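Q:
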Amino acid sequence: MLNKKWREKTWSALDQLWDVIVIGGGITGAGIFNMAAQKGLKVALVEARDFAFGTSSRSSKLIHGGIRYLKNRQFDVVRESVRERERLIRESDGLVDPLAFIFPAYEHNIQEAHLMRLGVIAYDLMAPKWQHDFLKQEEVVKSVPAINQKALVGGVEYYDSRLDDSQLVMRVISDGIRFGGLALNYAKVTGLCKSRSGRVEGVVVEDQSGTLTPATRELRGNVVINATGPWSDEIRQSVSGEPKLRRLRGSHLIFSREKLPIESAVTMLHPRDNRALFAIPWEGRTMIGTTDLDDPTTEDEARINPLEYEYLMEAVQYAFPDFTVTDADLISTFAGLRPVINTNAPTPSKESRAHQVWEEDGLVTVSGGKLTIFRVMAADVLNFCRDHLPGEPKFDHQAPCFIHPEPETTPKASETAWQMMAGRLGEDVTPFFESALPDELQSIDPMPQFWAEMAWAASNEAVVHLDDLLLRRVRVGLLLPKGGLGEINHIRALIQQPLGWSDETWQAEVVRYQRLWQKSYHLPH
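Residues in the sequence shown are numbered from 0 upward in steps of one, following numbering that gives the first Met the number 0.
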């Protein structure tokens, strides 16, 4: 139970010598933490904000091979990604699910269609289970009735998979804690501890929750790993003045399924520049994305700008001309930052998505890469450090990272519901259903999630602020109109008591959340 008592206990337990200290609670840090804990290492993870706060809750919600990277000849990235996608589908049923994609081919983009066909053939050679299919014009229309049919000549069907990215992070961290590691959100690294020779041997951590004493602790460790994604260069400042990252922003729009009714995902080329974009059915809504732009800001909360919004709306209106989609139809927007290694490529989309691991004065940094290959990245960085670890263990990215519950169907759950929640919660699935009241096991229309997940997250998932819950645990901030504020009284009844918030704290959290949602998850301004 990741509640207030857990936070206090974890904070006190940080004061010891660690084999591995991981800075960063996104999917990269979570994967390293989980893998190190499985090996029996003493490992601590600290995250300045919430778990999955940054890139790992703002992705395109795909575990995918990256078919568009084939165009830039990033074959190794695609091969690695396809293999990891297959492992995750096998190991995390209910969390990572296969999804069919349709690529419509038109007379004016026939060359791209041929390249896509070659790419899909390569895709299937890497993962023969999901066979591609070349579609006739009428077959494309049957699969996606809303698609633009002008000059449509056919299409390609291929498979990737979708997920709730922040739920993946929470599952990987939770299982890492079960393996014996300690992880804490709202614990910000404010400095690096160094030996007399200048080698990094620990971190200074400051409580950001406002609930712990003392407010600052020093952690010492044999290995300190910087897995902070877009903020990696900031952590590196005291060991190197040379920035290595190119922060790229990817923005998305979410509409109701009634306004954009699709069952299969659609890979579409933007009419302006032929960039590949996706329309994806996700959690009862339709998501459009993504852009790929340099992000010059230094703000923690990335957000879409007006030009990106116009660009994505133009793609929607071109791909689905029979549907008139306006600003009023928008449910939400969101944007994330990609921590790409800077090679000074002429455009953001031409930068490689490969990851790198390097060491500077004892600080080990891992950056680049993509969500799909988080276990590959974890194994690479830990093998890089193994000479400094007890027993010099060898790490294998093919090792499972999930603890699976015993198969069962509780009296309160259908097989489908149990499978979905088992994917999200792992071993906690049985206590979840045992603790849920019958009326809380209604879905949050149109989402598949249950109202009971609100109370569960408030009691068990390290929630400090209202946005932790609504934007990253249950996702109503992305999927309900006005960020879920129309349901705020219902939400209050479920979570205020488990969180131990006074009425004054509740009101302050609602105001804070409303301002945040208007600024970063609504129409750009």
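Ideal Cβ positions, reconstructed from N, Cα and C, are used throughout, including at glycine.
No experiment lies behind these values; they were computed from the predicted model shown.
(1) In angstroms with no decimal places, state the Cα-to-Cα distance between Ser56 and Cys384.
(2) In the DSSP assignment, the beta strand (DSSP E) including Val223 goes from what residue to what residue?
(3) Residues in the same chain with beta-carbon distance under 6 Å from Gln207, minus the five sequence neighbours each way, listed in chain order, please.
(4) Would a C-beta distance cut-off of 8 Å place Ile330 and Ile22 closer than the cut-off?
(5) So Val339 and Leu244 are in contact, right, with Cβ under 8 Å, and what is the actual spacing, rounded?
(6) For Arg195, count the other beta carbons within 10 Å of its own beta carbon; 16 or more makes it buried, fewer makes it exposed. Which is it?
(7) Flag this pair as yes or no: are the beta carbons of Val81 and Ala126 separated by less than 8 Å?
(8) Looking at Ala43 and Ile20, is the spacing between their C-beta atoms short of 8 Å?
(9) Going by DSSP, what residue range makes up the alpha helix (DSSP H) through Phe41?
(10) What residues are listed by DSSP as bridge partners for Val171?
(11) Can you give the Cα-Cα distance for Leu61 and Asp164, rounded to whole angstroms?
(12) Can you give me the Cβ contacts of Leu370 inside the same chain, cut-off strictly under 6 Å, excluding the 5 residues immediately before and after it?
(13) DSSP puts Asp321 in a beta bridge; with which residues?
(14) Taking only three categories from DSSP, how would you classify Cys384?
(15) So what does Gly335 bridge to, in DSSP terms?
(16) Is it true that the CB of Phe333 sits closer than 8 Å to the CB of Lys258?
(17) Between which residues of its own chain and Gly228 is the CB-CB distance below 6 Å, once the five residues before and five after are set aside?
(18) Roughly how many whole angstroms lie between the Cα atoms of Ser237 and Val204?
(19) Would you kindly check if the distance between the Cβ of Glu200 and the Cβ of Gly64 is under 8 Å?
(20) Counting only runs that start and end within the region 227-299, where is the alpha helix (DSSP H) found for 4 or more residues in a row?
(21) In three-state terms, what does DSSP make of Gly483?
(22) Can you pull the DSSP bridge partners for Tyr105?
(23) Looking only at its chain, what residues have a beta carbon closer than 6 Å to the beta carbon of Arg303, apart from the 5 residues adjacent to it on each side?
(24) I believe Leu292 touches Arg248 by the beta-carbon criterion, under 8 Å. Please report the beta-carbon distance rounded to the nearest angstrom.
(25) If we count Cβ pairs, one from each stretch, closer than 8 Å, do we get three or more for the region 393-410 versus the region 85-103?
(26) Does the distance from the CB of Trp516 to the CB of Gly482 come in under 8 Å?
(27) Which one or two residues does DSSP pair with Gly93 in a beta bridge?
(28) Would you mind stating whether Leu98 and Ala344 have Cβ atoms separated by less than 8 Å?
(29) Taking 8 Å as the limit between beta carbons, can you name the residues of its chain near Leu151, skipping five residues before and five after?
(30) How big is the Cα-Cα spacing for Lys149 and His269?
(31) At the level of alpha carbons, what is the spacing between Glu85 and Gly179?
(32) Among Tyr122, Arg116, Phe32, Asn33, which residue has its Cα nearest to the Cα of Phe74?
(33) Are Leu1 and Asp18 closer than 8 Å when you measure CB to CB?
(34) Beta strand (DSSP E) containing Asp18: first to last residue?
(35) Where does Ser59 fall in DSSP's three states?
(36) Quick one: residues in its chain with C-beta nearer than 8 Å to the C-beta of Val77, no 5 flanking neighbours on either side, listed in chain order?
A: Per the coordinate set shown:
(1) As a position in the sequence shown, residue 56 is number 57, starting the count at 1. As a position in the sequence shown, residue 384 is number 385, starting the count at 1. Rounded to whole angstroms, Ser56 to Cys384 spans 28 Å at the Cα level.
(2) Indexing the sequence shown from 1 puts residue 223 at position 224. Start and end: 215-225.
(3) Numbered from its first residue, the sequence shown carries residue 207 at position 208. Here the set comprises Tyr185, Lys187.
(4) Reading the sequence shown from its first residue, position 331 is the one you call residue 330. Reading the sequence shown from its first residue, position 23 is the one you call residue 22. No, these two residues do not count as a Cβ contact at 8 Å.
(5) The sequence position of residue 339 within the sequence shown is 340, counting from 1. The sequence position of residue 244 within the sequence shown is 245, counting from 1. Val339 to Leu244, Cβ: 7 Å. Contact.
(6) Locating residue 195 in the sequence shown gives position 196, where the first residue counts as 1. Classification for Arg195: exposed.
(7) By 1-based counting over the sequence shown, the position of residue 81 is 82. By 1-based counting over the sequence shown, the position of residue 126 is 127. With contacts defined as CB atoms closer than 8 Å, Val81 and Ala126 qualify as a contacting pair.
(8) The sequence position of residue 20 within the sequence shown is 21, counting from 1. The sequence position of residue 43 within the sequence shown is 44, counting from 1. Yes.
(9) Translated into the one-based positions of the sequence shown, residue 41 becomes position 42. Residue identity check: residue 41 is Lys in the sequence provided, not Phe. Boundaries for Lys41: no alpha helix (DSSP H) harbours it, and the DSSP string shows neither H nor E there.
(10) Counted from its first residue, the sequence shown places residue 171 at position 172. BP columns for Val171 are empty, so no partner.
(11) Residue 61 sits at position 62 when you count from the first residue of the sequence shown. Residue 164 sits at position 165 when you count from the first residue of the sequence shown. When rounded, the distance between both Cα atoms is 8 Å.
(12) Position 371 of the sequence shown, counted from the first residue, corresponds to residue 370. Within the same chain, Leu370 has close Cβ partners Ile26, Ser58.
(13) Taking the sequence shown and counting its residues from 1, one reaches residue 321 at position 322. Beta-bridge pairing links Asp321 to no other residue.
(14) In the sequence shown, the residue the question calls residue 384 occupies position 385. Note: Cys384 maps to helix in three-state DSSP.
(15) For the purposes of this step, residue 335 is taken as residue 336 along the sequence shown, with counting starting at 1. In DSSP, Gly335 forms a bridge with Gly249.
(16) Here residue 258 refers to the residue found at position 259 when the sequence shown is read from its first residue. Here residue 333 refers to the residue found at position 334 when the sequence shown is read from its first residue. No, the Cβ-Cβ distance between Lys258 and Phe333 is not below 8 Å.
(17) Here residue 228 refers to the residue found at position 229 when the sequence shown is read from its first residue. Beyond the five residues adjoining it in sequence on each side, Gly228 comes within less than 6 Å, by CB distance, of Gly25, Gly53, Thr54, Pro338 in the same chain, given in chain order.
(18) Here the question's residue 237 lines up with position 238 in the sequence shown. Here the question's residue 204 lines up with position 205 in the sequence shown. Each residue's alpha carbon lies about 15 Å from the other.
(19) Taking the sequence shown and counting its residues from 1, the one referred to as residue 64 is at position 65. Taking the sequence shown and counting its residues from 1, the one referred to as residue 200 is at position 201. No, they are not a contact pair.
(20) When DSSP assignments are scanned along the region 227-299, the uninterrupted stretches of alpha helix (DSSP H) that are 4 or more residues long and fall wholly within it turn out to be 231-234.
(21) Your numbering for residue 483 matches position 484 in the sequence shown. Helix, per DSSP.
(22) The residue you call residue 105 lines up with position 106 of the sequence shown. DSSP links Tyr105 through a beta bridge to Leu151.
(23) Your numbering for residue 303 matches position 304 in the sequence shown. Before going on, a small fix: residue 303 reads as Ile here, not Arg. For Ile303, the CB contacts under 6 Å within the same chain, skipping 5 residues up- and downstream, are Ser250, Thr332, Ala334, Pro523 in chain order.
(24) Locating residue 292 in the sequence shown gives position 293, where the first residue counts as 1. Locating residue 248 in the sequence shown gives position 249, where the first residue counts as 1. Indeed, because the Cβ distance is near 5 Å, the residues count as touching under 8 Å.
(25) The region 393-410 vs the region 85-103: in contact.
(26) By 1-based counting over the sequence shown, the position of residue 516 is 517. By 1-based counting over the sequence shown, the position of residue 482 is 483. Contact: yes.
(27) Here residue 93 corresponds to residue number 94 of the sequence shown, with the count starting at 1. For Gly93, no pairing in a beta bridge is given by DSSP.
(28) Stepping through the sequence shown from its first residue, residue 98 is reached at position 99. Stepping through the sequence shown from its first residue, residue 344 is reached at position 345. No; because the gap between Cβ atoms is not below 8 Å, this pair is not in contact.
(29) Start at 1 with the first residue of the sequence shown, and residue 151 comes out as number 152. Excluding sequence positions up to five before and after Leu151, its CB lies within less than 8 Å of the CB of Pro103, Ala104, Tyr105, Gln136, Val139, Val140, all in the same chain and listed in chain order.
(30) Working through the sequence shown from its first residue, we reach residue 149 at position 150. Working through the sequence shown from its first residue, we reach residue 269 at position 270. CA-CA distance, Lys149 to His269, rounds to 15 Å.
(31) By 1-based counting over the sequence shown, the position of residue 85 is 86. By 1-based counting over the sequence shown, the position of residue 179 is 180. C-alpha of Glu85 to C-alpha of Gly179: approximately 27 Å in a straight line.
(32) Your numbering for residue 74 matches position 75 in the sequence shown. Residue Tyr122 is the option with its Cα nearest to Phe74.
(33) On the sequence shown, position 2 is the one that residue 1 refers to. On the sequence shown, position 19 is the one that residue 18 refers to. No. Outside cutoff.
(34) One-based indexing of the sequence shown puts residue 18 at position 19. 16-22 is the extent of the beta strand (DSSP E) around Asp18.
(35) Locating residue 59 in the sequence shown gives position 60, counting from the first residue. The three-state secondary structure of Ser59, taken from DSSP, is coil.
(36) In the sequence shown, counting from the first residue as 1, residue 77 sits at position 78. These residues qualify, in order along the chain: Gly64, Gly65, Ile66, Tyr68, Leu69, Ala121, Tyr122, Met125.
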